[in-house]
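A.B. asks:
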């Protein structure tokens, strides 16, 4: 690991390197510098982990229920803590419902595992972290590990293939022992449980092999001297000292009781959410509350983006036969074919590609600190321009690109790239829907334009830090498309959450069982 741990002698007082399920899952594609510093347990920006608020409230309540009664269905669960927002309390209520439904009838004795911080594991030179949720002994005294999901992550086909389970199993090896054990992964929003009964010794050995193999992948890639600019930069805690951000300073939260991080993350969609409804922004981008309701699906748009990427990877896009082949090979219909053809007439033929579906990040480390990131559909170099394209498959939202807040952020993020290449910057929307004849007026921002965008970003981040009024807009049109409309107390379009619920039958099989 050049430039990383392998070159730095450790004293006995240095903390052991640390891995987490997330780090192991991302070992093959994370920025090598961030990988090295996370693994080395270096201290970066310290920010609150707001998505843990509901989890901590649920686990506190579940442990109390397990302590007071061997069957949690018969226990009185504590009320939601007052520090949760109504939206978070709704998530907690849904989690309690499914825990009651799936586990309530089982007799179990709580085991306090005390694995709240990364812990050393015998036979390794690393600490292993990650959340270990509930550990209990069943009616026959057999160990049972219950890993819980509160954010809608897809369920694994095999519970032992999940990295949160693998890390927890390795850390719990002594407790799990050599006899039969039960391991489950449960989505408490949707009532999905994946569960297996396994031999404890074989389970631990298999998990240990997978973790060791993944650590080898991690250490081979980790390199403090090899930063990679991209999507990881937006959430990285190690901007200071990174060659990609030479002016960065270490920043942390300014108040212990704040939920706002030291460096506020700003994206085009986050800006749009902030100006649409501040409560929406808080739910989605600050608290990371899982959405209770569906929004407009993006399946068609994603398919068009994917096929445009393939089209450009394999050569010029102006060959009708190639468009025919790609559409046929992927089972797309006439609408997609028309949109790819429509793009071909707009594409700057002979231009050099700067990249497709790339993420670029720009950091403002002085107060108010923020990191702006934008995912770019395509960027072309031609005629002295860095020509940034945003593919639009829906309706037109503006007549001038310069008036769209999302495009203004893209311009501010991409301006240093264009300057470094000695090019002018242009932002253009391609309206590919067949019912739209013309694209919005494209935009070539000058220095004054970019200064104005910077002022808008500073004003937004200042407002994020200073506001204590998170009242929703209560507008029926805005709320009608909101992902939290059924659980927001200010919603003008209330209804039942889209999360599934069932009435448990105490005499029938447990819901959620395969």
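Numbering (the numbering used here), first residue to last: -2 to 511. Each residue gets a CB set at the ideal place from its N, CA and C atoms; glycine is no exception.
1) Determine the direct distance from the alpha carbon of residue 40 to that of residue 391, and round the result to whole angstroms.
2) For residue 80, is the classification buried or exposed, using 16 other Cβ atoms within 10 angstroms of its Cβ as the cut-off for buried?
3) What does the alpha-carbon distance come out to for the pair residue 195 and residue 16?
4) For residue 299, does the count of other Cβ atoms within 10 angstroms reach 16, so buried, or fall short, so exposed?
5) I need the boundaries of the beta strand (DSSP E) containing residue 352, first residue and last residue.
6) Taking the beta carbon of residue 84 as the centre, do at least 16 other beta carbons fall within 10 Å, making it buried, or is it exposed?
7) Report back the beta-carbon spacing between residue 420 and residue 383 to the nearest angstrom; my notes put them in contact at under 8 Å.
8) May I ask which residues mark the beginning and end of the alpha helix (DSSP H) holding residue 368?
9) Mind checking which residues open and close the beta strand (DSSP E) that includes residue 195?
10) Would you kindly report the start and end of the unbroken beta strand (DSSP E) that includes residue 387?
11) Under the DSSP definition of a beta bridge, which residues are partnered with residue 15?
12) How would you call residue 305, buried or exposed, if buried means at least 16 neighbouring beta carbons within 10 angstroms?
13) Buried or exposed for residue 46, going by 16 or more other Cβ atoms inside 10 Å?
14) Residue range of the beta strand (DSSP E) that residue 182 falls in?
15) Taking its Cβ as the centre, do 16 or more other Cβ atoms sit within 10 Å of residue 363, making it buried, or is it exposed?
16) Using the Cβ count rule (16 or more neighbours within 10 Å means buried), how would you classify residue 464?
17) Give every residue of the same chain whose Cβ lies closer than 8 Å to the Cβ of residue 269, excluding the five residues on either side of it in the sequence, and list them in chain order.
18) Nearest by alpha-carbon distance to residue 103: which of 94, 70 and 318 is it?
19) Measure how close the beta-carbons of residue 165 and residue 144 come, nearest whole angstrom, since I'm counting them as under 8 Å.
20) Quick check on DSSP: helix, strand or coil for residue 83?
21) Please classify residue 269: does DSSP put it in a helix, a strand, or coil?
22) What residue from 91, 142, 18 and 423 has the CA that sits closest to residue 375's CA?
23) Where does the unbroken alpha helix (DSSP H) through residue 64 begin, and where does it stop?
24) Does DSSP classify residue 263 as helix, strand or coil?
25) Can you tell which of 23, 156, 343 and 386 has its C-alpha closest to the C-alpha of residue 146?
26) Which first and last residues belong to the beta strand (DSSP E) in which residue 132 is found?
27) Would you mind working out which of 48, 359 and 393 sits nearest residue 227, comparing C-alpha positions?
28) Name the two residues that bound the continuous alpha helix (DSSP H) containing residue 416.
29) Under a three-way DSSP split, which group does residue 484 fall into?
30) If you run the structure through DSSP and keep just helix, strand and coil, what is residue 297?
31) Three or more beta-carbon pairs under 8 Å between the stretch 201 to 218 and the stretch 17 to 25, yes or no?
32) Taking DSSP as the reference, what is the three-state secondary structure of residue 431?
33) Apply the 10 Å Cβ neighbour rule to residue 50 and answer buried if 16 or more other Cβ atoms are within range, or exposed otherwise.
34) Taking only three categories from DSSP, how would you classify residue 310?
35) Mapping DSSP to helix, strand and coil, what is residue 421?
36) As a quick exercise: from 140, 203, 116 and 136, pick the residue whose alpha carbon is nearest that of residue 159.
C.D. replies: Taking the coordinates as given:
1) 44 Å
2) exposed
3) 25 Å
4) exposed
5) 349 to 361
6) buried
7) 4 Å
8) No alpha helix (DSSP H) holds residue 368; the beta strand (DSSP E) holding it covers 367 to 379.
9) 189 to 196
10) 382 to 389
11) 124
12) buried
13) exposed
14) 177 to 184
15) exposed
16) exposed
17) 402 and 403
18) 70
19) 6 Å
20) helix
21) helix
22) 423
23) 49 to 65
24) strand
25) 156
26) 131 to 135
27) 359
28) 402 to 417
29) coil
30) helix
31) yes
32) coil
33) buried
34) helix
35) strand
36) 203
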